[in-house]
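In my numbering, the protein residues as written are 1 to 289.
Reviewing the structure listed below.
Structure, rendered in structure tokens:
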């Protein structure tokens, strides 16, 4: 288990990289390149996971990986599109909070459906971690309260993030013998096809050479990060309890995103956020008991 936890920890910087790439693109031309960026990113993701096909013994079409992959693709397409919109309507910390909080649903389902141990300390750790990320939440424009749009975006991110984690658990638990690489390929390639339908020629023509360079670079970095994260999480889903896998990864992810935002996007780290970081670390420690 200790080795698997180290693998999870190694994926946290990739989580931060993915979040920052999304934020950079969302700030360009009032989020005009949302669909182009996400479509290209998912297409690159589908290419990145092709070598992973050969890490599993089963290399043929199977319904389990296909259905789970397509379900995950829908979640990805909605989640990443709304995430970029949410960055502009609210803030990096708030949207990351909503994304990370999606872990609550698979953790609860794991206890009732998959006989995963959920102790009092583990529950306390999850609650403390949630409180921590709430403290880390901060409005992009302090004088403007969060409107219904921001809350709506946050709710969608919460549900779709939970959906992605649940499909990873379903794949790992019910179809452990099927090809994980193919599951991830379906997740990304189908998501790219969905987003293709929303791209107009006008969006492509309006992008400058500098925009295309930024989109390409951010999409590549995000694609590498996301494909590795998805492959690792899916493979660990069958052997690592949800109460450890998701709080550890997502909890640490939002903590480092908030710290990194101070330097990358000039967001202030006040006493409230420092308290949130301390509580976040405490919560993550309790989750593992």
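Where is the CB? At the ideal position from N, CA and C, for every residue including glycine.
Residue 253 versus residue 202 - alpha carbon distance: Taking the chain shown and counting its residues from 1, the one referred to as residue 253 is at position 253. Taking the chain shown and counting its residues from 1, the one referred to as residue 202 is at position 202. Straight-line Cα distance between these residues: approximately 36 Å.
At least 3 beta-carbon pairs within less than 8 Å: the region 162–175 vs the region 235–243: yes
Reference residue 76, options 41, 286, 255, closest by Cα: Working through the chain shown from its first residue, we reach residue 76 at position 76. Comparing Cα-Cα distances from residue 76 to each of 41, 286, 255, the minimum goes to 41.
Boundaries (first-last residue) of the alpha helix (DSSP H) holding residue 49: On the chain shown, position 49 is the one that residue 49 refers to. Run containing residue 49: none; DSSP gives neither H nor E here.
Alpha carbon of residue 19 to alpha carbon of residue 197, nearest angstrom: Position 19 of the chain shown holds residue 19. Position 197 of the chain shown holds residue 197. If I take the Cα positions, the gap works out to 24 Å.
6 Å CB neighbourhood of residue 144 in its chain, flanking five on each side removed: Here residue 144 corresponds to residue number 144 of the chain shown, with the count starting at 1. Unreliable placement is indicated for residue 144, whose pLDDT of 46 sits below 50; the coordinate value is still reported in the next sentence. Here the set comprises nothing.
Nearest candidate by alpha-carbon position, reference residue 104, set 189, 261, 251: Here residue 104 is taken as the residue at index 104 of the chain shown, counted from 1. It is 251.
Where the alpha helix (DSSP H) containing residue 73 begins and where it ends: Numbered from 1 along the chain shown, position 73 holds the residue referred to as residue 73. Residues 63–89.
Nonlocal neighbours in the same chain, by C-beta distance under 8 Å from residue 216, ignoring five residues either side: Here residue 216 corresponds to residue number 216 of the chain shown, with the count starting at 1. For residue 216, where only same-chain residues beyond five positions count, the Cβ hits under 8 Å are 40.
Beta carbon of residue 69 nearer than 8 Å to that of residue 183: Your numbering for residue 69 matches position 69 in the chain shown. Your numbering for residue 183 matches position 183 in the chain shown. Cβ atoms of residue 69 and residue 183: closer than 8 Å.
Beta-carbon gap between residue 95 and residue 177 smaller than 8 Å: As a first step, residue 95 must be located in the chain shown, where it is residue number 95. As a first step, residue 177 must be located in the chain shown, where it is residue number 177. Going by C-beta atoms, residue 95 is not nearer than 8 Å to residue 177.
Residue 17 versus residue 230 - alpha carbon distance: Stepping through the chain shown from its first residue, residue 17 is reached at position 17. Stepping through the chain shown from its first residue, residue 230 is reached at position 230. Approximately 14 Å between the Cα atoms of the pair.
Inter-residue spacing [alpha-carbon to alpha-carbon] between residue 186 and residue 214: As a first step, residue 186 is located in the chain shown; it is residue number 186 there, counting from the start. As a first step, residue 214 is located in the chain shown; it is residue number 214 there, counting from the start. Cα to Cα, the separation comes out at about 26 Å.
Residue 22, enclosing alpha helix (DSSP H) - first and last residue: The sequence position of residue 22 within the chain shown is 22, counting from 1. Unbroken alpha helix (DSSP H) run through residue 22: 2–26.
Between the CA atoms of residue 257 and residue 141 - distance to the nearest angstrom: Position 141 of the chain shown, counted from the start, is the residue given in the question as residue 141. Position 257 of the chain shown, counted from the start, is the residue given in the question as residue 257. Interpretation of residue 141 is limited by its pLDDT of 48, a score under 50 that renders its predicted location unreliable; no figure is taken from the coordinates.
Local Cβ density within 10 Å of residue 195, reported as buried at 16 or more and exposed below that: Taking the chain shown and counting its residues from 1, one reaches residue 195 at position 195. Buried, by the Cβ-count rule.
Cβ neighbours of residue 204 in the same chain (closer than 8 Å, five flanking residues each side left out): Walking along the chain shown from the start, residue 204 turns up at place 204. 36.
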